[in-house]
Amino acid sequence: MKRPVAISDSANFYVSAERIFDPTLKSVPVIVLSNNDGCAIARSDEAKALGIKMGTPLHHIRDKIDAHGIRVFSSNYTLYGDISRRVVEVYEDFTPNVEIYSIDECFLDFVGFKDRTAHAMALRAAVLRRIGVPVRIGIAPTKTLAKCANDIAKKNPIFAGVLDMMDESLANWLLPRVPVGDIWGVGRKTTDKLRSLDVHTAADLRDMPIRRARTVGTVVLERIVLELQGEACLAFEDVEPQRKGMAVTRSAGTPMTDFDMLFQAITAHASRGAEKLRQHGLVAGTLTVFFHTNKHRPDRPQYAVSRTTRMTPMSSDTFDLIKAARRCAEAGWPKSDANTFFFTKAGIMLNDLVRFEDRPRTLFDQARPKSPALMKALDDVNDRFGKKTMVLASEGMKQTWRLRADHRSPRYTTRMEDLPVVR
DNA sequence: TCTGGGGTCCTAGGACCC
DNA sequence: TCTGGGGTCCTAGGACCC
33 MKRPVAISDS ANFYVSAERI FDPTLKSVPV IVLSNNDGCA IARSDEAKAL
83 GIKMGTPLHH IRDKIDAHGI RVFSSNYTLY GDISRRVVEV YEDFTPNVEI
133 YSIDECFLDF VGFKDRTAHA MALRAAVLRR IGVPVRIGIA PTKTLAKCAN
183 DIAKKNPIFA GVLDMMDESL ANWLLPRVPV GDIWGVGRKT TDKLRSLDVH
233 TAADLRDMPI RRARTVGTVV LERIVLELQG EACLAFEDVE PQRKGMAVTR
283 SAGTPMTDFD MLFQAITAHA SRGAEKLRQH GLVAGTLTVF FHTNKHRPDR
333 PQYAVSRTTR MTPMSSDTFD LIKAARRCAE AGWPKSDANT FFFTKAGIML
383 NDLVRFEDRP RTLFDQARPK SPALMKALDD VNDRFGKKTM VLASEGMKQT
433 WRLRADHRSP RYTTRMEDLP VVR
């Protein structure tokens, strides 16, 4: 039983969003820049026609901008987020189930519509009329095929922005014409590997033996093959998942050449990270620091490192994060030849996030018992009260641990020296 | 001079547990 | 005390996506 799923994405979304409020941007080349105005991350069709590629550094296209009067914008994520939300509202009028995949893409449940193409066309027209953003829609039995249909609709104006690929014979005709590297989830590395194995098109990959896909790639590639065959492996997720991590990263204007410079950057990132955590009402269980040299300069000595530490207790406190970040930075700092490296990028990542109100209340929940003395204490308690023994930290986590089976049971206290070492 | 930032998922290998 | 099997968890790194 094939369930039709659609994916709708906005054309050149950031540019389209800017165009809503400035009619003079219509039909002229427009680009939107990345956070630090470093490179172009959205281009209008006219800008693409001028050969401006995704991610091109701004300083590489100065001449083109001047010569063709390209309109250049810094990105405005508040605006884009707002437009995105409004587009989703229109989607919700056309399907009972919407899965927001990114700021400009949604999967739409298309089960039960008689004329899917007509329905998609109507949706497309409604988004254009109510919001002013053009969208393209691909429909297929799996998400991967839907992405593929969407991509084909995007590249071939003949489809007028909608392609329904539920019909297997249509898919069989189209897939040999899709380069393998265009498939969702097949990146540059995998493309190279597949090409060397004479797998060049979506149809080639679809026909690859499943075991072979597993050895060439990972379970991810295996899933892609199945999805291309029409077997849905990626479920429709209509509940918003709890986010798993967050990051604060920046490129450094001037290279960081000593530990103090690096630590200064890391400190700023850590305090911003703490802010973001509190904004979202979260605490983090682990903190990772990473930094590396300029990867665009392979002629220079390269060094890249990441170090992770556990936050005990889980925290969104600025000082806690900075302390943890410092530990990581020190651990990752090159042991020799540090002066030969020019670090140009650094960041922190926060993982194992939980809502503040759900955070574990006892130290023991987080600090796994590693010391033999504590293990023995725990074993003793387990022997007496069973495995369900509750383990509580004492007031303030300062001096003792208390282990008890329930609220009325006696308390067992271990000395501070016996506390587990937490890395 | 100047090359984004924020995410997810997967794997290998080691440590550790029972 | 030793051994092996069956697990989990953790870290570092890679690949990919928008």
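Sequential numbering from 33 applies to the first sequence in my numbering.
Where a beta carbon is used, it is the ideal one built from N, C-alpha and C, also for glycine.
Everything numeric in this text was worked out from a predicted model, so none of it was measured.
Is Val37 near Phe142, with beta carbons less than 8 Å apart? Locating residue 37 in the first sequence gives position 5, counting from the first residue. Locating residue 142 in the first sequence gives position 110, counting from the first residue. For Val37 and Phe142, yes; Cβs fall inside 8 Å.
Spatial distance of Pro273 from Arg227 (CA atoms): Here residue 273 refers to the residue found at position 241 when the first sequence is read from its first residue. Here residue 227 refers to the residue found at position 195 when the first sequence is read from its first residue. Rounded to whole angstroms, the gap between the alpha carbons of Pro273 and Arg227 is 35 Å.
At the level of alpha carbons, what is the spacing between Lys308 and Ala43? In the first sequence, the residue the question calls residue 308 occupies position 276. In the first sequence, the residue the question calls residue 43 occupies position 11. Distance between the alpha carbons of Lys308 and Ala43 is about 30 Å.
From which residue to which residue does the alpha helix (DSSP H) around Cys138 run? Indexing the first sequence from 1 puts residue 138 at position 106. No alpha helix (DSSP H) holds Cys138; the beta strand (DSSP E) holding it covers Glu137 to Asp141.
Please state whether DSSP places Tyr133 in a helix, a strand or coil. Mapped onto the first sequence, residue 133 falls at position 101. In this structure, Tyr133 counts as strand in the three-state DSSP scheme.
Met33 versus Val167 - alpha carbon distance: As a first step, residue 33 must be located in the first sequence, where it is residue number 1. As a first step, residue 167 must be located in the first sequence, where it is residue number 135. Approximately 28 Å between the Cα atoms of the pair.
Burial state of Phe176 (16 or more Cβ within 10 Å): Position 144 of the first sequence, counted from the start, is the residue given in the question as residue 176. Sequence check: residue 176 is Thr here, not Phe. Thr176 should be labelled buried.
Can you tell me whether DSSP reads Cys265 as helix, strand or coil? In the first sequence, the residue the question calls residue 265 occupies position 233. Three-state result, Cys265: coil.
Rounded to a whole number of angstroms, what is the C-alpha to C-alpha distance between Arg35 and Pro241? What you label residue 35 is simply residue 3 of the first sequence in a count that begins at 1. What you label residue 241 is simply residue 209 of the first sequence in a count that begins at 1. The C-alpha of Pro241 is placed about 24 Å away from the C-alpha of Arg35.
Pair every Cβ in the region 76 to 94 with every Cβ in the region 108 to 122, then say whether three or more of these pairs are closer than 8 Å. Look at the beta carbons and you see the region 76 to 94 not touching the region 108 to 122: under three pairs across the two are nearer than 8 Å.
Alpha helix (DSSP H) containing Gly113: first to last residue? The residue you call residue 113 lines up with position 81 of the first sequence. Counted as a single uninterrupted DSSP element, the alpha helix (DSSP H) harbouring Gly113 occupies residues Tyr109 to Glu124.
What number of angstroms, rounded off, separates the C-alpha of Asp239 from the C-alpha of Gln261? Residue mapping note: residue 239 aligns to position 207 of the first sequence, counting from 1. Residue mapping note: residue 261 aligns to position 229 of the first sequence, counting from 1. It is roughly 8 Å from the alpha-carbon of Asp239 to the alpha-carbon of Gln261.
As assigned by DSSP and simplified to three states, the class of Arg275: Position 243 of the first sequence, counted from the start, is the residue given in the question as residue 275. Annotated three-state conformation of Arg275 is coil, per DSSP.
For Val47, count neighbouring C-beta atoms within 10 Å of its own C-beta (all shown protein chains included) and say buried if the count is 16 or more, exposed if not. Taking the first sequence and counting its residues from 1, the one referred to as residue 47 is at position 15. Buried: at least 16 other Cβ atoms inside 10 Å.
Through-space distance from Val257 to Lys225, alpha-carbon basis: Your numbering for residue 225 matches position 193 in the first sequence. Your numbering for residue 257 matches position 225 in the first sequence. The straight-line gap from Cα to Cα measures roughly 15 Å.
Would you call the CB atoms of Asp196 and Thr250 closer than 8 Å? Locating residue 196 in the first sequence gives position 164, where the first residue counts as 1. Locating residue 250 in the first sequence gives position 218, where the first residue counts as 1. With contacts defined by Cβ atoms closer than 8 Å, Asp196 and Thr250 do not form a contacting pair.
Among His232, Val62, Leu82 and Ala72, which one has its Cα closest to the Cα of His91? Here residue 91 is taken as the residue at index 59 of the first sequence, counted from 1. Of His232, Val62, Leu82 and Ala72, the smallest CA-CA separation from His91 is found for Ala72.
With H, G and I counted as helix, E and B as strand and the rest as coil, what does DSSP make of Ser66? Taking the first sequence and counting its residues from 1, the one referred to as residue 66 is at position 34. Here DSSP, grouped into helix, strand and coil, assigns Ser66 to coil.
For the region 33 to 79, list the alpha helix (DSSP H) runs that are entirely contained and at least 4 residues long, ordered along the chain. As summarised for the region 33 to 79, the continuous alpha helix (DSSP H) elements at least 4 residues long and confined to that stretch are 45 to 52, given in chain order.
For Asn383 versus Gly313, is the C-beta spacing smaller than 8 Å? In the first sequence, residue 383 corresponds to position 351, counting from 1. In the first sequence, residue 313 corresponds to position 281, counting from 1. Taking a C-beta distance under 8 Å as the contact criterion, Asn383 and Gly313 do not qualify as a contact pair.
For Gly219 and Arg244, what's the separation of their Cα atoms in angstroms? Your numbering for residue 219 matches position 187 in the first sequence. Your numbering for residue 244 matches position 212 in the first sequence. Using only the alpha carbons, I get a separation of about 18 Å.
Along the chain, where does the alpha helix (DSSP H) containing Gly83 start, and where does it finish? In the first sequence, residue 83 corresponds to position 51, counting from 1. For Gly83, there is no enclosing alpha helix (DSSP H), as DSSP gives it neither H nor E.
Assuming Ala267 and Ala284 form a contact by the criterion Cβ under 8 Å, report the distance between their Cβ atoms to the nearest whole angstrom. Counted from its first residue, the first sequence places residue 267 at position 235. Counted from its first residue, the first sequence places residue 284 at position 252. The beta-carbon distance between Ala267 and Ala284, rounded to whole angstroms, is 41 Å. This is too long to meet the 8 Å contact definition.
When we look at the beta-carbon of Asp331 and count the other beta-carbons within 10 Å, is it buried (16 or more) or exposed? In the first sequence, the residue the question calls residue 331 occupies position 299. Classification of Asp331: exposed, given that the 10 Å Cβ count is below 16.
C-beta atoms of Met346 and Val315 nearer than 8 Å: As a first step, residue 346 must be located in the first sequence, where it is residue number 314. As a first step, residue 315 must be located in the first sequence, where it is residue number 283. Yes, Cβ-Cβ distance for Met346 and Val315 is below 8 Å.
List the whole-angstrom C-beta distance separating Thr299 from Ala357, where the pair is believed to meet the contact cut-off of C-beta under 8 Å. Here residue 299 corresponds to residue number 267 of the first sequence, with the count starting at 1. Here residue 357 corresponds to residue number 325 of the first sequence, with the count starting at 1. Rounded to the nearest angstrom, the Cβ distance from Thr299 to Ala357 is 7 Å, consistent with a contact under 8 Å.
Which one of Pro128, Asp147 and Pro366 has the shortest CA to CA distance from Phe139? Residue 139 sits at position 107 when you count from the first residue of the first sequence. Checked all of Pro128, Asp147 and Pro366; the closest Cα to Phe139 is Pro128.
Ile380 vs Ala302 beta-carbon contact at 8 Å: Residue mapping note: residue 380 aligns to position 348 of the first sequence, counting from 1. Residue mapping note: residue 302 aligns to position 270 of the first sequence, counting from 1. The answer is yes: Cβ separation under 8 Å.
Is it buried or exposed, Ser40, if we count other Cβ atoms within 10 angstroms and call 16 or more buried? Counted from its first residue, the first sequence places residue 40 at position 8. Buried, by the Cβ-count rule.
Is Thr376 buried or exposed, if buried means 16 or more other CB atoms sit within 10 Å of its CB? As a working mapping, residue 376 is identified with position 344 in the first sequence. Classification of Thr376: buried, given that the 10 Å Cβ count is 16 or more.
Start-end ranges of the alpha helix (DSSP H) lying completely within the region 343 to 397, minimum 4 residues: The region 343 to 397 contains these whole alpha helix (DSSP H) runs: 350 to 364.
Once DSSP output is grouped into helix, strand and coil, what is the label at Lys430? On the first sequence, residue 430 is found 398 positions in, with the first residue counted as 1. Low confidence applies to Lys430: its pLDDT is 32, below 50, so where it sits in the model is not reliable enough to give any reading.
Once DSSP output is grouped into helix, strand and coil, what is the label at Val212? Here the question's residue 212 lines up with position 180 in the first sequence. Val212 falls in the helix class under three-state DSSP.
Excluding the 5 residues flanking Asn68 on each side, which residues of the same chain have their C-beta closer than 8 Å to its C-beta? If you number the first sequence from 1, residue 68 lands on position 36. Sequence-distant Cβ neighbours of Asn68 in its own chain, meaning closer than 8 Å and more than five residues away, are Arg282 and Ser283.
Assigned secondary structure, Asp230 (DSSP; H/G/I helix, E/B strand, else coil): Indexing the first sequence from 1 puts residue 230 at position 198. In this structure, Asp230 counts as coil in the three-state DSSP scheme.
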